[in-house]
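J.:
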Amino acid sequence: VLNGVSWFHFSAISPAVSQSAADVCLEVLKAASAKGITISVDLNYRAKLWQYGKTPQEVMTQLLPYCDVVMGNVWAAETMLGVDVIPEIHESGQQSIYLKEALNTSEKIMAQYPKCKAVANTFRFDAKEDISYYTALHTGDKFYHSHTYETNKIVDKVGSGDCFMAGLIYGFYNDHEPAEILEFATAAAFGKLFIESDATNQSVEEITKSILS
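When you line the sequence shown up against this note's numbering, it's residues 1217 to 1429, in that order.
#1: Find the nearest neighbour of S1230 within the set V1221, S1222, F1224, V1240, judged by alpha-carbon distance.
#2: Taking the alpha-carbon positions, what's the L1409 to A1395 distance?
#3: Quick one: give me the first and last residue of the beta strand (DSSP E) that I1255 is part of.
#4: According to DSSP, is D1378 helix, strand or coil?
#5: According to DSSP, what are the bridge partners of M1287?
#6: Any idea what DSSP makes of T1351, helix, strand or coil?
#7: Only counting the same chain, and skipping five residues up and downstream in sequence, which positions put a Cβ closer than 6 Å to that of A1238?
#8: I need the straight-line Cα distance from L1319 to F1359, nearest angstrom please.
#9: For S1249, which residues from the same chain have a beta carbon less than 6 Å from its beta carbon, with the 5 sequence-adjacent residues on both sides left out?
#10: Please report the residue range of the alpha helix (DSSP H) in which T1402 lies.
#11: If you follow the alpha helix (DSSP H) that Y1314 is part of, which residue opens it and which one closes it?
#12: When you compare only the Cα positions, how much space is there between S1376 and H1354?
#13: For A1336, count neighbouring Cβ atoms within 10 angstroms of its own Cβ and tell me buried if that reaches 16, exposed if not.
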């Protein structure tokens, strides 16, 4: 099944469905890792799942050792990996505090899971009159954060995280520079907010042109 494959991506939604699904995830990650395939994970947390007697931490901490690239946010990392977030982060509302926690979370993940080479965090805040979106990427030796994208109206937020992950994979797969990877993925995700349905129809050229400078 994995012959000719160079990158394997999975979502935390998959092992959340059932024990058998979690077992399959572990099996394929072991096989992919043995073949030297790059592995990425999106720490999607869905509270309505995980109904089969295992907590997210019990399962995900067994899968993370095989991952090279981890994407999520600081709250998902806390819930699914047990990486503590400072309580005052919820009260501050300050970008500098969120980014500091993104770095802190990333460093802890990379220390706990040595195979991990990059950790990305997304932040989307929906206020009454404004929506802001920005992201961060830690590659072990350097921490990057994107421009902040703002709008007062969106069409469909479903799929923006998937679009961000796709942008990351595209950038890493093509050996782009980390800052370039992050800005491309961020612009792709933000652009998805204005597209109805759960998938994007943006081209690489369109995304590149939409990157803030």
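For glycine and all other residues, C-beta sits at the position ideal for the given N, C-alpha and C.
T.: From the atom records:
#1: Taking the first residue of the sequence shown as position 1, residue 1230 is located at position 14. When only C-alpha atoms are compared, the closest one is V1240.
#2: The residue given as residue 1409 occupies position 193 in the sequence shown. The residue given as residue 1395 occupies position 179 in the sequence shown. Each residue's alpha carbon lies about 22 Å from the other.
#3: Here residue 1255 refers to the residue found at position 39 when the sequence shown is read from its first residue. It spans 1254–1258 - the beta strand (DSSP E) in which I1255 sits, taken as one unbroken run.
#4: Along the sequence shown, one-based indexing puts residue 1378 at 162. Secondary structure at D1378: helix, using DSSP grouped into helix, strand and coil.
#5: What you label residue 1287 is simply residue 71 of the sequence shown in a count that begins at 1. Residue pairing from DSSP places M1287 in a beta bridge opposite D1258, A1336.
#6: Locating residue 1351 in the sequence shown gives position 135, where the first residue counts as 1. The three-state reading of DSSP puts T1351 in strand, counting E and B together.
#7: Along the sequence shown, read from residue 1 onward, the residue named residue 1238 stands at position 22. Non-local beta-carbon contacts of A1238 in its own chain, meaning distances under 6 Å to residues more than five positions away in sequence, involve P1231, V1275 in chain order.
#8: Translated into positions along the sequence shown, residue 1319 becomes position 103. Translated into positions along the sequence shown, residue 1359 becomes position 143. Answer to the nearest angstrom: the Cα atoms are 7 Å apart.
#9: Here residue 1249 is taken as the residue at index 33 of the sequence shown, counted from 1. Setting aside the 5 residues that flank it on each side, S1249 is surrounded in the same chain by Y1282, each with a C-beta closer than 6 Å to its C-beta; the list follows chain order.
#10: Taking the first residue of the sequence shown as position 1, residue 1402 is located at position 186. Unbroken alpha helix (DSSP H) run through T1402: 1394–1408.
#11: Position 98 of the sequence shown, counted from the start, is the residue given in the question as residue 1314. Y1314 -> alpha helix (DSSP H) spans 1311–1328.
#12: For the purposes of this step, residue 1376 is identified with residue 160 of the sequence shown, where counting begins at 1. For the purposes of this step, residue 1354 is identified with residue 138 of the sequence shown, where counting begins at 1. Going from the Cα of S1376 to the Cα of H1354 covers about 20 Å.
#13: Mapped onto the sequence shown, residue 1336 falls at position 120. A1336 comes out buried.
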